[in-house]
Amino acid sequence: MEHAVNGVHAPIARPPIARPPLAMPEDCARPSLVNALRELAAPVEWAAAMRLLPSLIGAPKGDGRPVATLPGYMTGDASMAPLNRFLRSLGYRVYAGGLGFNRGKVDMDVAAFGDRLADIRKRNNGAQVTLIGWSLGGIIAREAARLFEADVREVITLGTPIIGGPKYTSIGSIYARLEGLDLDAFELEVHERNSIGFRQPVASIFTKSDGVVGWRASVDAYNPQARNICVQSTHLGLGLNPSVWRIIADLLANEDISVQHDEV
2 MEHAVNGVHA PIARPPIARP PLAMPEDCAR PSLVNALREL AAPVEWAAAM RLLPSLIGAP
62 KGDGRPVATL PGYMTGDASM APLNRFLRSL GYRVYAGGLG FNRGKVDMDV AAFGDRLADI
122 RKRNNGAQVT LIGWSLGGII AREAARLFEA DVREVITLGT PIIGGPKYTS IGSIYARLEG
182 LDLDAFELEV HERNSIGFRQ PVASIFTKSD GVVGWRASVD AYNPQARNIC VQSTHLGLGL
242 NPSVWRIIAD LLANEDISVQ HDEV
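Position in the sequence shown counted from 1, then plus 1, gives you the numbering used here.
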């Protein structure tokens, strides 16, 4: 079902999910210096990940439903191209987010993405869209699930700063200066928004070796249906890691995860 205001796809008002007040998650911190330095070795990790390609053999086939991917901060749709190709090979109809270079303008991007969702649904006989977002792209995906509930089937995020927004990232201070943010005040705003929750299935794939986002900030403590899946990777390697791709394929097919991982 679509709703438009002056030709622009708009969220449909709905009552908030009835939940008791949630406490602010604790123990979040920025990535350690060691983890931050490990990100410099991401190109080596990408090459080494090729040995994991056999894990993709036998990945469950898709059902042809639409999937849209959203890139991280200061990257574009090209960064999601390898994952997109893999998902297309399984039979999904995969679409780029179509928002251009991600400059961190989340509210603007979410609003624009509403129109993109409406367009994708029209191309697919009204089928709801699965969203996969890497890092900040995952924030856009989660907000779209909240605001455009009728359009979104499920959400999968990779290394996304769910808690605190930029506060628990290695570039939080720089981002705050560029955007004129008070990180503590913004953390509270993010918490209040997260506390509303959403109804769709959601999975957060994260790594304790993340050198960009403090890993505890990637754990979804707000949605009881959320799966929090820990893998071995750097932040910059998450979207290019064959083991992560296999986990995504298993999640999309609603099958048991077939590669080594931990859940918290």
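Note that the Cβ used here is the ideal one computed from N, Cα and C, for glycine as well.
Every value quoted in this text rests on a predicted model; they were computed, and no experiment measured them.
The Cβ neighbour count for Pro55, taken over all protein chains shown within 10 Å, is under 16; the residue is labelled exposed.
The closest CA to that of Ile58, considering only Asp257, Asp263, Leu252 and Pro243, is found on Pro243. For the 8 Å CB-CB criterion, Pro67 and Ala250 do not form a contact. At a Cβ-Cβ threshold of 8 Å, Leu252 and Ala204 count as neighbours.
Inter-segment contact for the region 175-188 and the region 149-160 is absent: fewer than three beta-carbon pairs are separated by less than 8 Å.
Taking Arg247 as the centre and dropping the five residues before and after it, the same chain places the C-beta of Ser56, Leu57, Ala60, Ser259 and Val260 closer than 7 Å to its C-beta, in chain order. Below 8 Å, too few C-beta pairs join the region 77-86 and the region 106-121 to call them touching: fewer than three. With 16 or more other Cβ atoms inside 10 Å of its own Cβ, Arg39 counts as buried. 8 Å or more divides the Cβ of Leu91 from the Cβ of Gly134. For Gly215, the number of other beta carbons within 10 angstroms of its own is at least 16, and it is reported as buried. The continuous alpha helix (DSSP H) containing Val45 extends over residues Ala43 to Ala49.
Between the region 136-145 and the region 103-118 there are three or more C-beta pairs closer than 8 Å, enough to call the two in contact. Rounded to whole angstroms, the gap between the alpha carbons of Val265 and Met51 is 27 Å. With respect to the C-alpha of Phe114, the residue from Arg124, Asn126 and Ala97 having the closest C-alpha is Ala97.
Shown here, Glu256 sits in coil according to DSSP, grouped into three states, outside any helix or strand. Across the set Asn224, Ile230 and Arg217, the C-alpha of Arg217 shows the shortest separation from the C-alpha of Thr170. Looking at the backbone, the Cα of Ala222 and that of Ala79 are separated by about 31 Å. For Ala30, there is no enclosing alpha helix (DSSP H), as DSSP gives it neither H nor E.
If you draw a 10 Å sphere on the C-beta of Lys168, you find 16 or more other C-beta atoms in it, and that means buried. Around the C-beta of Arg31, 16 or more other C-beta atoms lie within 10 Å, and the residue is accordingly described as buried.
For Gly115, the three-state secondary structure derived from DSSP is helix. Of Gly77, Val245 and Tyr93, the smallest CA-CA separation from Gly65 is found for Tyr93.
Annotation for Ile141: Leu71, Val107, Asp110, Val111, Phe114 and Gly134 place their beta carbon closer than 7 Å to its own, counting only its chain and skipping 5 residues before and after.
Non-local C-beta neighbours of Gly166 in its own chain, meaning closer than 7 Å and more than five positions away in sequence, comprise Phe187, Glu188 and Val191, ordered along the chain.
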